[in-house]
Amino acid sequence: MVIAATGEPDILLPPVSEFATTRDVTEPIFLKLADLGLSGNTVGDEDFQPQLAQRWEWDAPTTLVFHLDPRAHWQDGQAVTAADVAFTYDVYTDTVVNSPFRSSLRHIAAVTTRDSLTVVFRFRQRYPEMFYDAVYHMRIMPAHLLRELPRDQWRSTPFGRAPVGDGPYRFVAWKAGQSIELAADSTFFLGRPHIRRLIFRFTPDQQVAVIQLLAGDADVIEVLITPDNVERACADAKLACYPYKGSAYGYVGFNLAAPGDSTKPHPLFGDRDLRRALVLATDRERPLHNVFGDLARVPPGPMSQLWWVWDPEIRELPYDSAQAARLLTRLGWIDSDGDGIRDKDGRELSFRLLVPTTSAIRRQYARLLQEEFRTAGVDVQLDEVDFTLFNERARAGRFDALLTTWNTDPTPSSGFPQIWTKAGFGRSNYGRYFNPQVDQLVDRAVTSAMNRDQARRAWRSAFEILNQDAPGIFLFATENVAAVNKRFTDVTIRPDSWMALVRTWRVPPDRLTDRDRVER
Amino acid sequence: MIAWVVRRVAASVAIIWAVVTLTFFVIHAARGSPFLPEQSQSVSPETLDRLRRQFGLDRSLPEQYVLYLRNLARGELGESFVLRRPVADALADAMPHTFFLALAALLIDFTAGLALGIYQAVRERSVGDVVLGNVALFVNSMPTFWLGLVLLLGFAQWLHWFPTGGPSDPVLCPRVDSLPCLLDFFWHLTLPALTLGLVGAAGTARFQRAAMLEVIRQEYVRTARAKGLREGRVLLVHALRNALLPFITLVGLAFPFLLTGAVLVETVYSWPGMGLLAVRAILQRDYYVVTGAALVTSAMVVLGSLIADLLYAVADPRIRVRGA
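One line per chain: the protein sequences are A and B, in this order.
Residue numbering for the first sequence is 1 to 520, as defined by this note's numbering.
Residue numbering for the second sequence is 1001 to 1324, as defined by this note's numbering.
Right, dumping it as structure tokens:
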């Protein structure tokens, strides 16, 4: 199966990479203790599926015991043991390795071994997503192959270009800039996967990737992105389309602090009412339809469709241009010189919107929003810069407003606090939004709610307060469509990680082509 | 002749050093951090500081430059921030692809360009000359990227005559280790090379036509005809050799064109060459890859120019005598 991929991994070592393509390629190579079920429920442990762990039990409210499957083994023949799990936890939490997932493991106090097949997780406190934290972020690493590797060399170790895993597929070859090939491991302890070879074929351009798919040079594409691509691919007789929830959301984020000086409020966006007026003035449905067609929804706050807290009933500011105009006038912003732009004390209501040139979607959105704001008497100048500069300016707070997107985990617990609470200052909370009430509610939802309903209520309240504060205009939450050649059947896509269930995909014998039969 | 070659080589080294130095300072002056790629959303400020220290970016720019030159003298090009591997390895993977692409394009460029130019000169002002002249002008004015997409859509997606990209079929030929896989490589090379080569050929044809027209009006060509020589011999032996001198100049000029054109063609055809590597590195501020790519590219261009000069000397005895 040839997968048209638009990015190439940096290294095939899950603890030190957060590239989406690294996740896709390593998904079938390295297993977790257990994995998320199709329901996407991250609270409790009932919806999780065993992987390396055959079973688990709670010894105490904060003590979780995993029993490893004795059949599990590394592709070099060594058994997977509890020591591998303890070693993996040590690596993920090591400050020198500095894994991007380290903060997600902060509630785990220790991981110890009881015997060669039993491993014990001790948590600092009880909270709803303890099990999720224990299993979702870590892919177990082979201690016998990596223990001697100095921790400061993990980011560029040769093992990361030719890994030995314990999953259904083994690494075969990595041709830089071209492809990575995996082959089905016939000795995989949960049964040999049906598809013999997975080949990730890299292409630098999304359109070219779609052409490869339509020409039959690739079998699968993870996401078609634009309505045009969806129309073309889904109309093709040899392809089947699979829609699934997207993990991204995008928004215009206001900088609440003065650009480059976080001690002072922003001259415009430090004013909550002005921010509210701008949200009220924005018809979010129109640009969404223009850019995405049916491939996205307006989110009821800063959230992806993947999150279980998604609820269209969450209260938010409506589109009401009349109310927006009244509010702006009340704040003293009126068009005194008749040039179509509101002004106050000799200053025009004008700001700059930071947009990365690498995202065609965001550039398109920026232009549509510019037009919408103009009709409301607000002048928006676009600062289009390449992504590294966009990222640097965002982090340094050198912007008025920015158009950004986030790819999220299946739960708000890890990403949301980094972006919308004080914990994210100097990190991903670029606009320095802070409301102690929101922080408190998020903390309650993440750490002290006792069940899913309590957590949901806390999240809902947090979103509603945040929406009223209007730290941004929440524009879109994506819906993905994958395209797969019709000779593949039993295709199931888990929205948070589309390759997670590739082991169960198959090609019926009567549809096998010569290419499918090639062994490695 | 040896003194001339030594002088040229010394000048070439100086040119390469200048290009590397300029690239080093320009890429470092560009705003944006090398450790914030698009796919990476949560790099902490502490990690950024640590990476800057690890790669020596916390030192002053002159210090970094001196260190870079010192490493370069030892044959070390540094390590890629993004690819997490030595730059030399990344360049070694990419270079053969660009080399073969440029070579194939050059072959198409000069073969087609030369043939067309001669044909047009011989049939001056005929319908064929006018039609071919206009077609050449049309192709020559097409942006390489656009021509690539047109060929890709037409010959790969719709007609299925050629593959859509990459240097080989990843299923049947993961390695070029057999005759069928060698043929597969050439099959994959065809469209990218045609895209690059056709645009060049159109320019070469116009150049060659003018050169041939000038030569075939010379006295010695008329004399050759008067001696009763066959027209083919008159054109290919007597006229073409003299008309080739400006053509050889084109060899030197074509190299930079092919390498810059390759950047776009490599993107369209997912061809894993130097252009694609350099563009990605520039966007990601992968300093050492950018500088390494500039080093190799400038070396290739300088070498191309040197070869052209040597060929010129071989083709024109007057130059050889003067050079010696």
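All residues carry an ideal CB built from backbone N, CA and C; glycine is no exception.
- Cβ neighbours of L466(A) within its own chain (closer than 8 Å, five residues either side excluded): G301, P302, W420, Y433, N435, V438.
- Under a 10 Å Cβ-count criterion, G346(A) is classified as exposed, with fewer than 16 other Cβ atoms of the shown protein chains found around its own Cβ.
- If you draw a straight line from the Cα of L1061(B) to the Cα of E1079(B), it is about 17 Å long.
- For chain A, the residues of the stretch 1061-1082 of chain B that bring a beta carbon within less than 8 Å of one of its beta carbons are E1079, V1082, in chain order.
- For T478(A), same chain residues with a beta-carbon under 6 Å away, outside a window of 5 residues either side, are G246, A248, A296 in chain order.
- With the rule of 3 Cβ pairs closer than 8 Å, the stretch 351-370 of chain A counts as touching the stretch 381-389 of chain A.
- Chain order gives the chain A residues near P1163(B) as Q212, A215, D217, where near means a beta carbon separation below 9 Å.
- DSSP links V1019(B) through a beta bridge to no other residue.
- For H144(A), the enclosing alpha helix (DSSP H) has its first and last residue at 143-146.
- At the C-beta level, L146(A) and Y169(A) stay beyond 8 Å of one another.
- Per the DSSP secondary-structure output, W406(A) pairs in a beta bridge with Y249(A).
- C-alpha of P1167(B) to C-alpha of P1192(B): approximately 10 Å in a straight line.
- Under a criterion of Cβ atoms nearer than 7 Å, the residues of chain A adjacent to R1031(B) are, in order, L389, E392.
- The beta carbons of F189(A) and A72(A) sit closer together than 8 Å.
- By the Cβ rule, the stretch 1102-1111 of chain B counts as touching the stretch 1248-1260 of chain B, because three or more pairs are nearer than 8 Å.
- Q1054(B) has its alpha-carbon roughly 40 Å from the corresponding atom of L1306(B).
- Residue pairing by DSSP places K175(A) opposite S179(A) in a beta bridge.
- When F476(A), V85(A), A82(A) are compared, the shortest CA-CA separation from N290(A) is found for F476(A).
- Within the stretch 1170-1195 of chain B, the residues whose Cβ lies closer than 7 Å to any Cβ of chain A are, in chain order, P1170, V1171, L1172, P1174.
- Interface with chain A (8 Å Cβ-Cβ cutoff): Q1284(B) is included.
- Inter-segment contact for the stretch 1155-1172 of chain B and the stretch 203-215 of chain A is present: three or more beta-carbon pairs are separated by less than 8 Å.
- When the five nearest sequence neighbours on each side are left out, the beta carbons in the same chain lying within less than 6 Å of the beta carbon of A1239(B) are those of V1215, I1216, V1221, in order along the chain.
- Under the Cβ distance rule, E181(A) counts among the residues neighbouring chain B, one pair being separated by less than 8 Å.
- V279(A) is a Cβ neighbour of L317(A), given a cutoff of 8 Å.
- Taking CB atoms only, H1028(B) has no neighbour in chain A less than 8 Å away.
- The alpha-carbon separation between A79(A) and V1082(B) amounts to approximately 33 Å.
- Close to chain A, meaning a Cβ-Cβ distance shorter than 7 Å, are the following residues of the stretch 1083-1096 of chain B: L1083, R1084, R1085, A1090, D1093, A1094.
- At the C-beta level, N480(A) and P243(A) come within 8 Å of one another.
- Ranked by Cα distance from Q1208(B), the first of W1161(B), D1177(B), P1034(B), F1247(B) is F1247(B).
- For A235(A), no Cβ of chain B is located within less than 8 Å of the residue's own Cβ.
- At least one CB of chain B lies nearer than 8 Å to the CB of V2(A).
- Interface annotation, A1156(B): in contact with chain A, CB-CB separation under 8 Å.
- Of the candidates L68(A), W310(A), T93(A), L68(A) places its Cα closest to the Cα of A83(A).
- Following the DSSP letters along the chain, one finds N435(A) in no beta strand (DSSP E), marked with neither H nor E.
- The three-state reading of DSSP puts L1159(B) in coil, since its state is none of H, G, I, E or B.
- Cβ-Cβ separation between G397(A) and P259(A): approximately 6 Å, consistent with a contact (criterion under 8 Å).
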